[in-house]
Amino acid sequence: MGKYHGKATTVLRPRTTKEVSDIVKWCAKRRIGIVPQGGNTGLVGGSVSLDKEVVLNLGAMSNVRSFDPVSGILVADAGCILESLGDYIAPHNYIMPLDLGAKGSCQIGGNIATNAGGLRLLRYGSLHGSVLGLEVVLPDGTILDQLSTLRKDNTATHNVMLALPRFDNILPLFQAVKRDLGEILSAFEYIDRTAYDTAVAHGHARVFTDEEMQGAQCFVLIETSGGNNDHDEQKITELLESLLTADKPLVLTGVLSQSPAQFASLWALREGLPEALQKEGKPYKYDISIPIADFERVVDSCRDQLKSRGLYGDHAVSKVVGWGHIGDGNLHINVIAKQGYTPEIEQALEPFIYEVVSSLKGSISAEHGIGSMKPHALHYSKSSASIEWMKKLKETFDPLNIMNPGKVLP
Ligand SMILES: Cc1cc2nc3c(=O)[nH]c(=O)nc-3n(C[C@H](O)[C@H](O)[C@H](O)COP(=O)(O)OP(=O)(O)OC[C@H]3O[C@@H](n4cnc5c(N)ncnc54)[C@H](O)[C@@H]3O)c2cc1C
Numbered sequence: 001m002g003k004y005h006g007k008a009t010t011v012l013r014p015r016t017t018k019e020v021s022d023i024v025k026w027c028a029k030r031r032i033g034i035v036p037q038g039g040n041t042g043l044v045g046g047s048v049s050l051d052k053e054v055v056l057n058l059g060a061m062s063n064v065r066s067f068d069p070v071s072g073i074l075v076a077d078a079g080c081i082l083e084s085l086g087d088y089i090a091p092h093n094y095i096m097p098l099d100l101g102a103k104g105s106c107q108i109g110g111n112i113a114t115n116a117g118g119l120r121l122l123r124y125g126s127l128h129g130s131v132l133g134l135e136v137v138l139p140d141g142t143i144l145d146q147l148s149t150l151r152k153d154n155t156a157t158h159n160v161m162l163a164l165p166r167f168d169n170i171l172p173l174f175q176a177v178k179r180d181l182g183e184i185l186s187a188f189e190y191i192d193r194t195a196y197d198t199a200v201a202h203g204h205a206r207v208f209t210d211e212e213m214q215g216a217q218c219f220v221l222i223e224t225s226g227g228n229n230d231h232d233e234q235k236i237t238e239l240l241e242s243l244l245t246a247d248k249p250l251v252l253t254g255v256l257s258q259s260p261a262q263f264a265s266l267w268a269l270r271e272g273l274p275e276a277l278q279k280e281g282k283p284y285k286y287d288i289s290i291p292i293a294d295f296e297r298v299v300d301s302c303r304d305q306l307k308s309r310g311l312y313g314d315h316a317v318s319k320v321v322g323w324g325h326i327g328d329g330n331l332h333i334n335v336i337a338k339q340g341y342t343p344e345i346e347q348a349l350e351p352f353i354y355e356v357v358s359s360l361k362g363s364i365s366a367e368h369g370i371g372s373m374k375p376h377a378l379h380y381s382k383s384s385a386s387i388e389w390m391k392k393l394k395e396t397f398d399p400l401n402i403m404n405p406g407k408v409l410p
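And the structure:
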């Protein structure tokens, strides 16, 4: 995003837990702030040293310690790249229980620190539910070993992209899909028309013909992950048939992937949205949880807000787009500032978006965390009592406040 600029003079890359502990002890003694850093893909400035804190980068701790193909338990260093872990377990017919566009760079330690959501939350639940234990270095350097080692998965995957004539069809569609696919439904992703068009304009393979695109207002990408390939394929094929032949169809058309390459290409379009938008200007990114029925209205209201301040158009904001994970009510709003970030645009967006979220009783951070971007806005989705308790917890573990000072808490 080019929004946060690190001021660190020192980056340390420990290779073992003992080395992490030594560094933390040394810093604690001298009251030097530490910013733990994983793949540095976070979008809220959490891994950036804003006040010359030492950066403790985990990239050199990238060993898999063990994998048990019977129980499916993986023990890995914090610095292992998410995609590498997926590659490591794939020959045993396993997958990681989370998937996100940044998988080629983000690290498992960073994923757990942010409780990353991603594309498969619908199927596998919150990442914290998949973490059986942790080995942590506390802010005084003590190593707390709570690694305990149960869970497995073994899957066949399919996907289908659907074009919808109107956003209002999403909720009944989600209900129908949940009813027909049941437990094999693993992702249900929403993409608005502008986001889709931007991805295609920047090189992603077109899914629908020009004729099919007429009247398409938004899109849904559905993935199944079940244990029986033939059964799963039959279920998703029957779903598509019944959607297309219904008396009052909820969808205009749909494309079911017919090969691993097409499966990957549908996902690439969805996962490539941030990068495609980035090519058009500087993105303001909001990652919020709100009721699904309000997704489109909230994106439209951001656009209207910018228009009312005279900030919409090629001279300022050229696009406001929305996409997200329907299953957990997580909407990503991206506002593209064609000529770069400006205080006027920021003031038009904030606290406007946070107030909208608060009025809908949503969360200002669905999955990207608070970092250094949102501490000032935490009160829009956490009560003052919650914030006080969060501060007390932080003080208990980190009384010197050397661990990532200035992040999360106001
Ligand atoms: C293209 C793209 C797509 C994305 N999609 C998603 C998505 O679908 N869902 C989602 O949730 N996020 C998404 N993100 C955001 C980001 O990838 C996640 O937050 C990811 O979990 C961060 O991992 P990281 O290793 O890069 O952590 P970093 O960015 O390096 O750090 C994030 C935070 O975790 C802390 N941290 C990192 N490692 C450790 C450690 N070992 N111990 C303690 N603290 C640590 C850092 O101090 C920082 O506060 C996306 C980002 C990009 C660029």
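In the UniProt record's numbering, the protein residues as written are 1 to 410. Backbone N, C-alpha and C fix where the C-beta goes; we use that ideal spot for every residue, glycine too. Predicted, not measured: the structure shown is a model, and the values here were computed from it.
Inset, instruction - Would you identify the three-state DSSP class for Lys3, choosing helix, strand or coil? - result: coil
Legend entry - Distance cut-off 7 Å: Val35 Cβ against heavy atoms of ligand 1: yes
Inset, instruction - With distances taken Cα to Cα, identify the nearest neighbour of Tyr94 among Asp68, Lys7, Pro165. - result: Asp68
Legend entry - Collapsed DSSP secondary structure at Ala316 in the structure displayed: coil
Inset, instruction - For Pro274, verify whether its CB is less than 7 Å away from any heavy atom of ligand 1. - result: yes
Inset, instruction - Taking all protein chains shown into account, decide if Leu393 is buried (16 or more other Cβ within 10 angstroms of its Cβ) or exposed. - result: exposed
Legend entry - Completely contained alpha helix (DSSP H) runs for the segment 350 to 390, where each covers 4 or more residues: 352 to 359
Inset, instruction - Kindly examine ligand 3 and report whether one of its heavy atoms sits closer than 7 Å to the Cβ of Thr253. - result: The model depicted lacks ligand 3 and carries ligand 1 instead.
Legend entry - Minimum length 3: unbroken beta strand (DSSP E) runs contained in the segment 16 to 89: 34 to 37, 54 to 57, 64 to 68, 73 to 76
Legend entry - Backbone CA spacing between Gly45 and Gln258 [nearest angstrom]: 40 Å
Inset, instruction - Look up Phe397 in the DSSP assignment and say whether it is helix, strand or coil. - result: helix
Inset, instruction - Could you pull out every residue in the same chain whose Cβ sits closer than 7 Å to the Cβ of Asn115, ignoring the five residues on either side in sequence? - result: Ser126, Leu127, His128
Legend entry - C-alpha distance - Gly59 paired with Asn229, whole-angstrom precision: 37 Å
Inset, instruction - Give the single residue among His315, Leu360, Val11, Val356 whose Cα lies nearest to the Cα of Gln339. - result: His315
Inset, instruction - With a threshold of 7 Å, establish whether the CB of Glu53 neighbours any heavy atom of ligand 1. - result: no
Inset, instruction - Go through the segment 160 to 219 residue by residue and report every complete run of the beta strand (DSSP E) that reaches 3 residues or more, in order. - result: 185 to 192
Inset, instruction - Using beta-carbon positions only, say whether Phe219 and Thr253 come within less than 8 Å of one another. - result: no
Inset, instruction - Identify, in the order they occur along the chain, each residue of the same chain with its Cβ nearer than 7 Å to the Cβ of Met390, setting aside the five sequence neighbours on each side. - result: Leu409
Inset, instruction - Alpha carbon to alpha carbon, how far is Tyr190 from Ala28? Give it in angstroms, no decimals. - result: 45 Å
Inset, instruction - Just tell me which of Ile288, Leu138, Leu82 has its CA closest to the CA of Phe397. - result: Leu138
Legend entry - Contact under 8 Å by Cβ, Ile73 with Leu121: no
Legend entry - Residue span of the beta strand (DSSP E) that contains Gln146, given as start and end: 143 to 146
Inset, instruction - Within 10 angstroms of the Cβ of Asp87, are there 16 or more other Cβ atoms? Answer buried if so, exposed if not. - result: exposed
Inset, instruction - With DSSP collapsed to three states, give me the class of Asn154. - result: Summary for Asn154: the model assigns pLDDT 49, below 50, so the residue's position carries little reliability; its value from the coordinates is reported in the next sentence. Asn154: coil per DSSP, three-state reduction.
Inset, instruction - Enumerate in chain order the residues of its own chain whose CB-to-CB distance from Val335 is below 6 Å, with the five nearest sequence positions on each side excluded. - result: Tyr284, Val317, Val320
Legend entry - Chain-order list of residues whose beta-carbon lies under 8 Å from that of Gly215 (same chain, five-residue window excluded): Pro165, Leu252
Legend entry - Start-to-end residues for the alpha helix (DSSP H) that takes in Tyr124: 121 to 124
Inset, instruction - Compute the distance between the beta-carbons of Asp232 and Val299, then report whether it is under 8 Å. - result: no
Legend entry - Residue range of the alpha helix (DSSP H) that includes Ile114: It should be pointed out that residue 114 corresponds to Thr in this sequence rather than to Ile. Its alpha helix (DSSP H) spans residues 108 to 114.
Inset, instruction - Count the CB pairs spanning the segment 289 to 298 and the segment 12 to 32 that are closer than 8 Å, and state whether there are at least three. - result: no
Legend entry - Cβ neighbours of Lys18 in the same chain (closer than 8 Å, five flanking residues each side left out): Ile143
Legend entry - Residue from Asp304, Pro405, Leu171, Pro343 with nearest C-alpha to Leu250: Leu171
Legend entry - Helix, strand or coil at Glu280 [DSSP, three-state]: coil
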